[in-house]
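Structure first, then comments.
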Amino acid sequence: MSNDHEILADRLNAEPAIFKGCSSSQLGMIVGLAIVIWLPLSLLLAWLLGAITMGFGIAGVGVVATVVVMATVFQRIKRGRPEGYYQQWLRIRLQSIGLYRAPWVLRTGAWDIGRTQHAPLSSRNR
Numbered sequence: 001m002s003n004d005h006e007i008l009a010d011r012l013n014a015e016p017a018i019f020k021g022c023s024s025s026q027l028g029m030i031v032g033l034a035i036v037i038w039l040p041l042s043l044l045l046a047w048l049l050g051a052i053t054m055g056f057g058i059a060g061v062g063v064v065a066t067v068v069v070m071a072t073v074f075q076r077i078k079r080g081r082p083e084g085y086y087q088q089w090l091r092i093r094l095q096s097i098g099l100y101r102a103p104w105v106l107r108t109g110a111w112d113i114g115r116t117q118h119a120p121l122s123s124r125n126r
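Note that full-length UniProt numbering gives residue 119 to position 119 of the sequence shown, counting from 1, and the numbers run on in steps of one.
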């Protein structure tokens, strides 16, 4: 048995926040999406200006700016909320504009059991 003390936690319930409340996987997602958007856009802009290599610089600045802005947005969305809140929030927003079907019941109003008096009985209940 070793007398060395473990510095890292044995169990974590969630990924630790490393930048503005975002975990490494969230930052990776933001960086990936920012690269997909900024690299072609900046290379096209630089090509139109006649300096292709300048496009990589524009993309770098755009990616860094996007990461800072989006991490701040995520930080505001997640502030004071439970773990996983922003995923549910995003799914509900996407359903409201018709891009995704959320797995939750989002309807409010009166509910009933949906049966009528003339509903047939199953064979096991006869």
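A virtual CB, placed ideally from N, CA and C, is assigned to each residue, including glycine.
| If you scan the segment 56 to 100 from start to end, which runs of the alpha helix (DSSP H) of 4 or more residues do you find wholly inside it? | 85 to 96
| Endpoints, the alpha helix (DSSP H) within which Gly28 is located | Ser24 to Leu49
| said: I want to check one thing, is the minimum distance from the CB of Ile92 to the heavy atoms of the ligand SAH below 7 Å? | reply: In terms of ligand content, the structure shown is empty, and the ligand SAH therefore cannot be addressed.
| request: Would you check if there are 3 or more beta carbon pairs closer than 8 Å linking the segment 64 to 84 to the segment 94 to 112? | output: no
| query | Under a Cβ-count criterion, where at least 16 other Cβ atoms within 10 Å of its own Cβ denotes burial, should Ser24 be classed as buried or exposed? | reply | exposed
| request: Report the rounded CA-to-CA distance for Ile37 versus Val31, giving the unit in angstroms. | output: 10 Å
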